[in-house]
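Heads up: the structure comes next, in structure tokens.
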Amino acid sequence: MRGNLVLKQPFPTLARTIWDDPERYVQSYFQRFPGYYSTSDEAVLDRDGQLWVLGRSNDVINVAAHRISTMEIESAASGCDGVVEAAVVGVRDALRGTVPVAFVTLKPGIDPAIAATDVSAHVEKAVGTFARLGNVFVSAALPKTRAGKIMRRLLREAAETGAITGDTSGLEDQSALEAVLAAVRER
Numbered sequence: 004m005r006g007n008l009v010l011k012q013p014f015p016t017l018a019r020t021i022w023d024d025p026e027r028y029v030q031s032y033f034q035r036f037p038g039y040y041s042t043s044d045e046a047v048l049d050r051d052g053q054l055w056v057l058g059r060s061n062d063v064i065n066v067a068a069h070r071i072s073t074m075e076i077e078s079a080a081s082g083c084d085g086v087v088e089a090a091v092v093g094v095r096d097a098l099r100g101t102v103p104v105a106f107v108t109l110k111p112g113i114d115p116a117i118a119a120t121d122v123s124a125h126v127e128k129a130v131g132t133f134a135r136l137g138n139v140f141v142s143a144a145l146p147k148t149r150a151g152k153i154m155r156r157l158l159r160e161a162a163e164t165g166a167i168t169g170d171t172s173g174l175e176d177q178s179a180l181e182a183v184l185a186a187v188r189e190r
């Protein structure tokens with residue numbers, strides 16, 4: 004069963020405070036589950052007692068009055084044949100409020116048009132029609148930080164505006180942005 008990952012005891016890399024704002028630290032990490040540190044991640048404990056961290060629990064979008072985890076949609080998109088990596092963001096939509104869009108990278112030799120159709124169908128089947136993707140952008144690469152985290156705010160900006168003007172100082176590879184913008188222009 005999926006649940007919130009909380010910690011009872013500190014460990015070496017756990018933040019101990021927020022600079023010049025210790026009260027914000029307490030509110031951010033200890034208010035929701037008193038006495039426990041909230042990681043803001045979801046996790047599953049399997050039958051063998053192994054803990055599987057699924058991803059951020061606060062990456063939730065509202066689509067036509069449904070709260071959907073982008074992580075759940077990404078998992079479905081990643082499970083589609085030929086997909087190497089997927090990232091999902093919510094973008095503004097006049098009718099549904101927010102609509103999920105996917106950015107995917109593919110294995111060599113996979114037809115992008117067929118893959119985009121397959122990813123959309125796979126997400127609808129796995130998550131439900133309310134999670135219907137507004138678009139699937141097939142990109143050669145995804146923008147990541149030096150630590151390897153996908154920079155979803157840049158993906159959202161690219162999908163909504165067709166450009167990226169936000170801070171890119173943490174970006175590992177500038178060519179990934181060019182690939183994402185090319186994918187957006189093609190759709």
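Numbering (the working numbering), first residue to last: 4 to 190.
Using N, Cα and C, we set each Cβ at its ideal position, and we do this for glycine too.
For THR101, which residues of its own chain have a beta-carbon under 6 Å away from its beta-carbon, when the five flanking residues on both sides are left out? ILE64, ASN65, VAL66, GLY93
Proximity to HIS125 [Cα-Cα], best of ARG35, CYS83, GLU181, THR148
Residue CYS83 is the option with its Cα nearest to HIS125.
- Message: With H, G and I counted as helix, E and B as strand and the rest as coil, what does DSSP make of GLU45?
- Response: strand
With a threshold of 16 other CB atoms inside 10 Å of the CB of GLU45, please say whether the residue is buried or exposed.
By the neighbour-count rule (16 or more Cβ atoms within 10 Å), GLU45 is buried.
Residue closest to VAL141, alpha-carbon to alpha-carbon, out of THR148, LEU48, ALA185:
A check of alpha carbon separations from VAL141 across THR148, LEU48, ALA185 identifies ALA185 as the nearest.
Is the beta carbon of VAL9 sitting closer than 9 Å to the one on SER41? yes
* Asked: Quick one: any contact between the region 108-125 and the region 172-181, if contact means 3 or more CB pairs under 8 Å?
  -> no
Margin query: Is the separation between the beta-carbon of LEU241 and that of ALA90 shorter than 9 Å?
Written below: Because residue 241 is not part of the residues shown, which for the chain are 4 to 190, the question remains open.
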